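Chains as they are written, first to last, in our numbering: chain D, 1 to 200; chain G, 1 to 200. Quick reminder that beta carbons are idealized off the backbone N, C-alpha and C, glycines included. Since the model is a prediction, treat every value here as computed from it, not as a measurement. Shown next, in structure tokens, is the structure this report addresses.
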């Protein structure tokens, strides 16, 4: 059975729980509380020297960090991966966008405000995160204005990757009211077969 | 013929020039000077709404932003991509590490110091970038202490992605003297057939 080292509040970890629920893949969960430094212990650094969750471990003991790499591995031959090579590259394009433009701003804002409850402490840094997060949301909304999903007009791991932190962006201080196409897409994702909520 | 929209000083763009040189793929270059806002014009935003280089355009006119997605597309069936599915996921793991932990710290430091020449202006932000950049370099050095390359003991696009900004890290204020395994790996990459330098 697959093992997922994770933190329940993390959208990066939720990506993998959602994909595995929808693909019917059984897995066991091992919780690591990042707010208590549980991913920076010697034991955990022996699993992932980069000290971050999620980490997916195969039944053979192969260790795979990085949420979007693990998403790709789980879904590579499934209905959530387009067959066309250029569309596969577009799935990766949106997943790199997610990790570069979206997650560092929207997930980090949510972590400071919602997980740590320290909005005041991070007030100055939050201003820049909010600006850059809205830039990412504008790019997504413009794309979704004439596409049902991010790649090839069907639900893929690009949608799973971007849904994880977008659907809780308001916990990071981002109002989604100005992004109607994102709102409609969030509803479409939540209607997909096998959908499970984030829990935290 | 493929078209590469790029900025010569950008390591993200160099990744694609290096891969195409080594794969024997012909392409034409269109320079966009990011220091003059040339990727934020209406014309360029029509090509990439995210306003960033590189962008790879196929002979059929298909548009692919994100350096590591374009690397994957160019090399997906080449000798620079492992055949094994788990190793392919590890290639993506290191490429997501590069865009999340490495590039925002090492490339951004280099951009402020070397490209813009504004070390003083960014002094405060540089302190955090230096700390996080060294964390990324430590993870790489520990891995390379007992591996010749990042995945599967042969040169892959994971090496190309990480080489681009690591080999010019000193232009961003990072001394590599404390990372002997990285130094040896940089030499191995530069000895690969078809290697071309970064130019800028």
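8 Å Cβ cutoff, residue i in contact with chain G
i: residue 68 of chain D; result: yes
i: residue 44 of chain D; result: no
i: residue 180 of chain D; result: no
i: residue 92 of chain D; result: yes
i: residue 104 of chain D; result: yes
i: residue 28 of chain D; result: no
For residue i, the three-state DSSP class (helix, strand or coil)
i: residue 35 of chain D; result: helix
i: residue 118 of chain D; result: coil
i: residue 41 of chain D; result: coil
i: residue 4 of chain G; result: strand
i: residue 65 of chain D; result: strand
i: residue 56 of chain D; result: strand
i: residue 188 of chain G; result: helix
i: residue 76 of chain D; result: coil
i: residue 149 of chain D; result: coil
i: residue 174 of chain D; result: coil
i: residue 160 of chain D; result: helix
i: residue 106 of chain D; result: helix
i: residue 25 of chain D; result: coil
Span separating the alpha-carbon of residue i from that of residue j
i: residue 64 of chain G; j: residue 30 of chain G; result: 15 Å
i: residue 51 of chain D; j: residue 1 of chain G; result: 43 Å
i: residue 108 of chain D; j: residue 81 of chain D; result: 28 Å
i: residue 57 of chain D; j: residue 119 of chain G; result: 42 Å
i: residue 33 of chain G; j: residue 26 of chain G; result: 22 Å
i: residue 15 of chain D; j: residue 164 of chain D; result: 6 Å
i: residue 77 of chain D; j: residue 124 of chain G; result: 46 Å
i: residue 196 of chain G; j: residue 70 of chain D; result: 32 Å
i: residue 101 of chain G; j: residue 17 of chain G; result: 23 Å
i: residue 92 of chain D; j: residue 116 of chain G; result: 30 Å
i: residue 36 of chain D; j: residue 3 of chain D; result: 21 Å
i: residue 6 of chain G; j: residue 46 of chain G; result: 15 Å
i: residue 172 of chain D; j: residue 187 of chain D; result: 19 Å
i: residue 90 of chain G; j: residue 11 of chain D; result: 21 Å
i: residue 87 of chain D; j: residue 60 of chain G; result: 14 Å
i: residue 99 of chain D; j: residue 194 of chain G; result: 31 Å
i: residue 53 of chain G; j: residue 79 of chain G; result: 26 Å
i: residue 66 of chain G; j: residue 139 of chain D; result: 14 Å
i: residue 153 of chain D; j: residue 146 of chain D; result: 10 Å
Residue i: contacting residues in chain G (beta-carbon distance under 9 Å)
i: residue 139 of chain D; result: 49, 50, 51
i: residue 165 of chain D; result: Those within 9 Å of residue 165 of chain D in chain G number zero; the least Cβ separation is about 13 Å.
i: residue 101 of chain D; result: 50, 52
Residues near residue i by beta carbon distance below 8 Å, same chain, minus five either side
i: residue 192 of chain G; result: 22, 155
i: residue 94 of chain D; result: 150, 151, 158, 161, 162
i: residue 126 of chain D; result: 109, 112, 113, 119, 173
i: residue 170 of chain G; result: 176
i: residue 167 of chain G; result: 186, 189, 190, 198
i: residue 44 of chain D; result: 5, 32, 38, 51
7 Å CB neighbourhood of residue i in its chain, flanking five on each side removed
i: residue 40 of chain G; result: 51
i: residue 105 of chain D; result: 129, 132, 133, 136
i: residue 142 of chain G; result: none
Chain-ordered neighbours of residue i on chain D, where CB pairs are closer than 8 Å
i: residue 122 of chain G; result: What residue 122 of chain G touches in chain D: nothing, since even the nearest Cβ is about 13 Å away.
Residues near residue i in its chain [Cβ-Cβ closer than 6 Å; skip 5 each side]
i: residue 74 of chain G; result: 19
i: residue 122 of chain G; result: 112
i: residue 239 of chain G; result: Since the first and last residues shown for chain G are 1 and 200, residue 239 of chain G lies out of range.
i: residue 96 of chain D; result: none
i: residue 180 of chain G; result: none
i: residue 24 of chain D; result: none
Min CB distance residue i to chain D below 8 Å
i: residue 72 of chain G; result: yes
i: residue 142 of chain G; result: yes
i: residue 76 of chain G; result: yes
i: residue 97 of chain G; result: yes
Chain-ordered neighbours of residue i on chain G, where CB pairs are closer than 8 Å
i: residue 64 of chain D; result: 86, 89, 90, 93
Contacts that residue i makes with chain D (C-beta to C-beta distance below 7 Å)
i: residue 82 of chain G; result: Ordered by position in chain D, no residue passes the 7 Å Cβ test against residue 82 of chain G, which lies about 13 Å from the chain.
Beta carbon proximity, residue i to chain A, threshold 8 Å
i: residue 137 of chain G; result: Protein chains in the displayed structure are D and G, and chain A is not among them.
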